[in-house]
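Heads up, the thing below is written out as structure tokens.
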Amino acid sequence: MAAKSEAEKFGNSVVLMSPAAASFDMFENVYDRGGQFQKLISELK
Numbered sequence: 111m112a113a114k115s116e117a118e119k120f121g122n123s124v125v126l127m128s129p130a131a132a133s134f135d136m137f138e139n140v141y142d143r144g145g146q147f148q149k150l151i152s153e154l155k
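Everything in the sequence shown is counted per this note's numbering, starting at 111 for the first residue and increasing by one.
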């Protein structure tokens with residue numbers, strides 16, 4: 111993942127969720143989107 115390799119350059123920093131497009135059709139709701147974001151971030155650790 112390109113984002114992961116870029117994030118690793120900064121060590122333990124902040125990860126900002128900033129979607130570049132609408133995601134209404136990709137997730138069940140905002141909680142699903144947030145849960146998937148948390149899962150991805152936990153994989154970075």
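Using N, Cα and C, we set each Cβ at its ideal position, and we do this for glycine too.
Residue range 140-154 is occupied by the alpha helix (DSSP H) that includes residue 140. Shown here, residue 113 sits in a helix according to DSSP, grouped into three states.
Residue 151 and residue 125 have their C-alpha atoms spaced approximately 8 Å apart.
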